[in-house]
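Enquirer:
Number of protein chains: 2
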Amino acid sequence: MPNPTACLLVIGNEVLSGRTQDANIKFLATRLGEIGIPLREVRVIPDVPETIIATVNEVRAKFDHVFTTGGIGPTHDDITSECVAAAFGVPWEKHPEAWARLDRHYKPGEFNAPRQRMATMPRGATLIDNAISIAPGFTIGNVHVMAGVPRIMQSMFDSLATRLAGGDPVISRAVHALRVAEGTIADGLTAIQARYPDLDLGSYPYYRDSGNGVAIVAKGTSTADAEAAIAAVTELMTALGYAPIQGDPSA
Amino acid sequence: MPNPTACLLVIGNEVLSGRTQDANIKFLATRLGEIGIPLREVRVIPDVPETIIATVNEVRAKFDHVFTTGGIGPTHDDITSECVAAAFGVPWEKHPEAWARLDRHYKPGEFNAPRQRMATMPRGATLIDNAISIAPGFTIGNVHVMAGVPRIMQSMFDSLATRLAGGDPVISRAVHALRVAEGTIADGLTAIQARYPDLDLGSYPYYRDSGNGVAIVAKGTSTADAEAAIAAVTELMTALGYAPIQGDPSA
Numbered sequence: 173m174p175n176p177t178a179c180l181l182v183i184g185n186e187v188l189s190g191r192t193q194d195a196n197i198k199f200l201a202t203r204l205g206e207i208g209i210p211l212r213e214v215r216v217i218p219d220v221p222e223t224i225i226a227t228v229n230e231v232r233a234k235f236d237h238v239f240t241t242g243g244i245g246p247t248h249d250d251i252t253s254e255c256v257a258a259a260f261g262v263p264w265e266k267h268p269e270a271w272a273r274l275d276r277h278y279k280p281g282e283f284n285a286p287r288q289r290m291a292t293m294p295r296g297a298t299l300i301d302n303a304i305s306i307a308p309g310f311t312i313g314n315v316h317v318m319a320g321v322p323r324i325m326q327s328m329f330d331s332l333a334t335r336l337a338g339g340d341p342v343i344s345r346a347v348h349a350l351r352v353a354e355g356t357i358a359d360g361l362t363a364i365q366a367r368y369p370d371l372d373l374g375s376y377p378y379y380r381d382s383g384n385g386v387a388i389v390a391k392g393t394s395t396a397d398a399e400a401a402i403a404a405v406t407e408l409m410t411a412l413g414y415a416p417i418q419g420d421p422s423a
Numbered sequence: 173m174p175n176p177t178a179c180l181l182v183i184g185n186e187v188l189s190g191r192t193q194d195a196n197i198k199f200l201a202t203r204l205g206e207i208g209i210p211l212r213e214v215r216v217i218p219d220v221p222e223t224i225i226a227t228v229n230e231v232r233a234k235f236d237h238v239f240t241t242g243g244i245g246p247t248h249d250d251i252t253s254e255c256v257a258a259a260f261g262v263p264w265e266k267h268p269e270a271w272a273r274l275d276r277h278y279k280p281g282e283f284n285a286p287r288q289r290m291a292t293m294p295r296g297a298t299l300i301d302n303a304i305s306i307a308p309g310f311t312i313g314n315v316h317v318m319a320g321v322p323r324i325m326q327s328m329f330d331s332l333a334t335r336l337a338g339g340d341p342v343i344s345r346a347v348h349a350l351r352v353a354e355g356t357i358a359d360g361l362t363a364i365q366a367r368y369p370d371l372d373l374g375s376y377p378y379y380r381d382s383g384n385g386v387a388i389v390a391k392g393t394s395t396a397d398a399e400a401a402i403a404a405v406t407e408l409m410t411a412l413g414y415a416p417i418q419g420d421p422s423a
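Those sequence lines, one after another, are chains A and B. Numbered according to the working numbering, the first sequence terminates at residue 423, and the numbering increases by one at each position without gaps. Numbered according to the working numbering, the second sequence terminates at residue 423, and the numbering increases by one at each position without gaps.
1) Decide if residue 335 of chain A is buried, meaning its Cβ has at least 16 other Cβ atoms within 10 Å, or exposed.
2) Can you check which of these residues, B:260, B:232, B:206, is closest to residue 179 of chain B by C-alpha distance?
3) Tell me residue 265 of chain A's beta-bridge partners as DSSP assigns them.
4) Using DSSP with H/G/I as helix, E/B as strand and the rest coil, what is residue 406 of chain B?
5) Looking at the secondary structure, which residues open and close the alpha helix (DSSP H) in which residue 325 of chain B lies?
6) From residue 399 of chain A to residue 345 of chain A, what distance separates their C-alpha atoms?
7) For residue 175 of chain B and residue 342 of chain B, what's the separation of their Cα atoms in angstroms?
8) When Cβ atoms are compared, which residues of the region 193-227 of chain B fall closer than 7 Å to chain A?
9) Report buried or exposed for residue 418 of chain B, applying the criterion of at least 16 other Cβ atoms within 10 angstroms of its Cβ.
10) Interface residues of chain B around residue 326 of chain A at Cβ under 9 Å?
11) Below 9 Å between beta carbons: does that hold for residue 371 of chain B and residue 190 of chain A?
12) Tell me which same chain residues have a C-beta within less than 7 Å of the C-beta of residue 184 of chain B, skipping the five on either side of it?
13) Is the Cβ of residue 412 of chain A closer than 9 Å to any Cβ of chain B?
14) Output, in chain order, the set of chain B residues within a Cβ distance shorter than 9 Å of residue 358 of chain A.
15) Let me confirm a value: residue 261 of chain A is counted as buried when at least 16 other C-beta atoms fall within 10 Å, else exposed. Which label applies?
16) Tell me the residue span of the alpha helix (DSSP H) that contains residue 260 of chain B.
17) Identify every residue that forms a DSSP beta bridge with residue 234 of chain A.
18) CB residue 376 of chain A to CB residue 389 of chain A, shorter than 9 Å?
19) Of the residues that make up the region 386-404 of chain B, which ones have a beta carbon closer than 8 Å to any beta carbon in chain A?
20) I'd like to confirm the pairing. Which residues does DSSP put opposite residue 318 of chain B in its beta bridges?
21) Could you give the C-beta distance for residue 358 of chain B and residue 286 of chain A, rounded to a whole number, given that I count them as a contact under 8 Å?
22) When you compare each of B:330, B:386, B:322 to residue 348 of chain B by their alpha carbons, which one comes out closest?
23) Just grab the DSSP bridge partners of residue 377 of chain A for me.
24) Provide the residue span of the alpha helix (DSSP H) that contains residue 363 of chain A, from first to last.
25) Give the straight-line distance between the Cα atoms of residue 246 of chain B and residue 381 of chain A, rounded to the nearest whole angstrom.
26) Closer than 9 Å, Cβ to Cβ, to anything on chain A: give me those residues from the region 177-191 of chain B, in chain order.
27) At the level of alpha carbons, what is the spacing between residue 361 of chain B and residue 302 of chain A?
28) Is residue 282 of chain B helix, strand or coil by DSSP?
29) Residue 372 of chain B versus chain A: which residues are under 7 Å apart at the beta carbon?
30) Counting only Cβ pairs nearer than 7 Å, list the residues of chain A close to residue 354 of chain B.
31) With respect to the alpha helix (DSSP H) encompassing residue 187 of chain A, which residues constitute its N-terminal and C-terminal limits?
32) Along chain A, in chain order, which residues have C-beta atoms closer than 9 Å to that of residue 292 of chain B?
33) Name, in chain order, the residues that DSSP records as bridge partners for residue 217 of chain B.
34) Cβ of residue 337 of chain B within 9 Å of Cβ of residue 307 of chain B?
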């Protein structure tokens, strides 16, 4: 059975303006690969209701799982939750359990209208726990709505991951060598890729103070194939006079 | 006149697998804002021809400019150029000037078939210079095709930017304060945002060893509006008993 697929929506003007370096794509890409729900697409979109609603509806139909980060706080630019409700065509309403958690968390009088928005969710939402700052994320259908702040998002994903049914983990094997030019190994790599069509064989040049080179990374769900492909690449590099080193210098 | 808009396509399995931390989004987002072609969407897509072709055609119709990074090297996983040709429905053929540059660059016999692919482009492409590793990017229509390696991409963008007609630069003003909770300033922020509808007023919590707080960032093309909005936020924070500091702690 093929693995289920994932799409990530990074929602927030701050990434599109260059203000914030995204830190969520790499984390989720890695973790989703490990649980066998490989990430197939990422979209970074602004805090614009029509864009969020249309994008959620497009990608939830195309992928098995959609993960969103950002836009679930208490301020005027936090509009993800109400947009997801609109995308699903369900009411956006008080979630009793989320409401109770936040009401317990805040001092008397502090659970004000902006904070109550964080306990307002699409009807039918299942909570995603937030061990850091209490205000939960939620799942509705195949859409998982999480915070944008990396350590909160990561805590939410830890909680969410336990109830996701993944496929075979995506594993990776790699080899690299200094002074390799991609153009010298390209034909050999094409032949090796052709022998292992289910693997994703990537060629990544690197430029470092310690020297330039190329890393070849094999990713897929078959460890045997990945190891055989990397052995073949190692042989190719050796035959061309390079000194291959096992592993990925970027890992 | 409204500013022209940009979409970025990050093409490459390595970002979707978590192998590589993207470094191109923040660079391009910042530089495009500075030249008045704000980035409105980013998509990270895999090295799959149908996906690249369909996405290029979708976004080139929706945005004034499309920038792509990745997939223009000599190896089997470098398929951006031929996919862009297919998206435009034009032949993918030897580009005489790119060919001449690479032929001069390589030693006799080294300009082999894989490297010749880097001089093969959609008919009608205009070159984007590559001061680092020679192999050029190109522009066809409103699509600008660049390398994925950050320092090569940055060099290409420097060259490309001189021929892009932008709009008013997007500028930014900010203020932040320790111990602020978003929930306490949310209503005040909503009112300030409403007074400056053309500004993008963002609220960004931060969590640091030196203390937690919230930064408010105003972005737009009117410096006067951004300064007035940030002055109003400063007043709001002061009135609530916080000690606002001008500037963005993430900048």
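By construction, the Cβ of each residue, glycine as well, lies at the ideal position given by its N, Cα and C atoms.
Expert: Reading off the structure:
1) Here the question's residue 335 of chain A lines up with position 163 in the first sequence. Residue 335 of chain A comes out exposed.
2) Your numbering for residue 179 of chain B matches position 7 in the second sequence. The residue with the shortest Cα to Cα distance from residue 179 of chain B is B:232.
3) Here the question's residue 265 of chain A lines up with position 93 in the first sequence. Note: residue 265 of chain A sits in a beta bridge opposite A:293.
4) To locate residue 406 of chain B, count along the second sequence from 1; it is residue 234. If DSSP states are grouped into helix, strand and coil, residue 406 of chain B belongs with the helices.
5) Start at 1 with the first residue of the second sequence, and residue 325 of chain B comes out as number 153. Segment 322-333, the alpha helix (DSSP H) holding residue 325 of chain B.
6) Here residue 399 of chain A corresponds to residue number 227 of the first sequence, with the count starting at 1. Here residue 345 of chain A corresponds to residue number 173 of the first sequence, with the count starting at 1. Whole-angstrom Cα-Cα distance: 6 Å.
7) Taking the second sequence and counting its residues from 1, one reaches residue 175 of chain B at position 3. Taking the second sequence and counting its residues from 1, one reaches residue 342 of chain B at position 170. Approximately 9 Å between the Cα atoms of the pair.
8) Within the region 193-227 of chain B, the qualifying residues are 193, 194, 197, 198, 201, 202, 205, 211, 212, 213, 214, 215, 216, 217, 218.
9) Counted from its first residue, the second sequence places residue 418 of chain B at position 246. Per the 10 Å Cβ criterion, exposed.
10) Numbered from its first residue, the first sequence carries residue 326 of chain A at position 154. Proximity of chain B to residue 326 of chain A at the Cβ level (cut-off 9 Å) is not reached, the minimal Cβ distance being about 12 Å.
11) Against the second sequence, residue 371 of chain B aligns to sequence position 199. Against the first sequence, residue 190 of chain A aligns to sequence position 18. Contact flag unset, no.
12) Here residue 184 of chain B refers to the residue found at position 12 of the second sequence. So the qualifying residues of the chain are 219, 242, 243, 320.
13) If you number the first sequence from 1, residue 412 of chain A lands on position 240. Not closer than 9 Å to any Cβ of chain B, the Cβ of residue 412 of chain A fails to qualify, so no.
14) For the purposes of this step, residue 358 of chain A is taken as the residue at position 186 of the first sequence. Simply 245, 246, 247, 248, 250, 284, 285, 286, 287, 289.
15) If you number the first sequence from 1, residue 261 of chain A lands on position 89. It is exposed - the Cβ of residue 261 of chain A has fewer than 16 other Cβ atoms within 10 Å.
16) Taking the first residue of the second sequence as position 1, residue 260 of chain B is located at position 88. Per DSSP, residue 260 of chain B belongs to the alpha helix (DSSP H) from 252-260.
17) For this step, residue 234 of chain A is matched to residue 62 along the first sequence. Beta-bridge pairing links residue 234 of chain A to no other residue.
18) Counting from 1 along the first sequence, the entry for residue 376 of chain A is found at position 204. Counting from 1 along the first sequence, the entry for residue 389 of chain A is found at position 217. Closer than 9 Å, so yes.
19) Residues passing the 8 Å Cβ filter: 389, 391.
20) Counted from its first residue, the second sequence places residue 318 of chain B at position 146. B:241, per the DSSP bridge assignment.
21) Counted from its first residue, the second sequence places residue 358 of chain B at position 186. Counted from its first residue, the first sequence places residue 286 of chain A at position 114. Yes, they are in contact, since the Cβ atoms of residue 358 of chain B and residue 286 of chain A sit about 3 Å apart, within 8 Å.
22) Reading the second sequence from its first residue, position 176 is the one you call residue 348 of chain B. When B:330, B:386, B:322 are compared, the shortest CA-CA separation from residue 348 of chain B is found for B:386.
23) The count along the first sequence starts at 1 and reaches residue 377 of chain A at position 205. Looking at the DSSP assignment, residue 377 of chain A forms a beta bridge with A:386.
24) For this step, residue 363 of chain A is matched to residue 191 along the first sequence. Unbroken alpha helix (DSSP H) run through residue 363 of chain A: 354-367.
25) Numbered from its first residue, the second sequence carries residue 246 of chain B at position 74. Numbered from its first residue, the first sequence carries residue 381 of chain A at position 209. C-alpha separation (whole angstroms): 23 Å.
26) Those residues of the region 177-191 of chain B that come within reach of chain A (Cβ to Cβ, closer than 9 Å) are 180, 182, 184, 185, 186, 187, 188, 189, 190, 191.
27) To locate residue 361 of chain B, count along the second sequence from 1; it is residue 189. To locate residue 302 of chain A, count along the first sequence from 1; it is residue 130. Approximately 25 Å between the Cα atoms of the pair.
28) As a position in the second sequence, residue 282 of chain B is number 110, starting the count at 1. DSSP places residue 282 of chain B in coil when its eight states are reduced to three.
29) Within the second sequence, residue 372 of chain B is the residue found at index 200, counting from 1. Within 7 Å Cβ-Cβ: 185.
30) Locating residue 354 of chain B in the second sequence gives position 182, counting from the first residue. Within chain A, the C-beta atoms nearer than 7 Å to that of residue 354 of chain B come from 245, 246, 247, in chain order.
31) Taking the first residue of the first sequence as 1, we reach residue 187 of chain A at position 15. Annotation for residue 187 of chain A: the continuous alpha helix (DSSP H) segment containing it runs 185-188.
32) To locate residue 292 of chain B, count along the second sequence from 1; it is residue 120. The premise fails here: residue 292 of chain B is roughly 13 Å from chain A at the closest Cβ pair, so nothing lies under 9 Å.
33) The residue you call residue 217 of chain B lines up with position 45 of the second sequence. According to the DSSP secondary-structure assignment, residue 217 of chain B is paired through a beta bridge with B:183.
34) The count along the second sequence starts at 1 and reaches residue 337 of chain B at position 165. The count along the second sequence starts at 1 and reaches residue 307 of chain B at position 135. It is not a contact, given that the beta carbons lie outside the stated cut-off.
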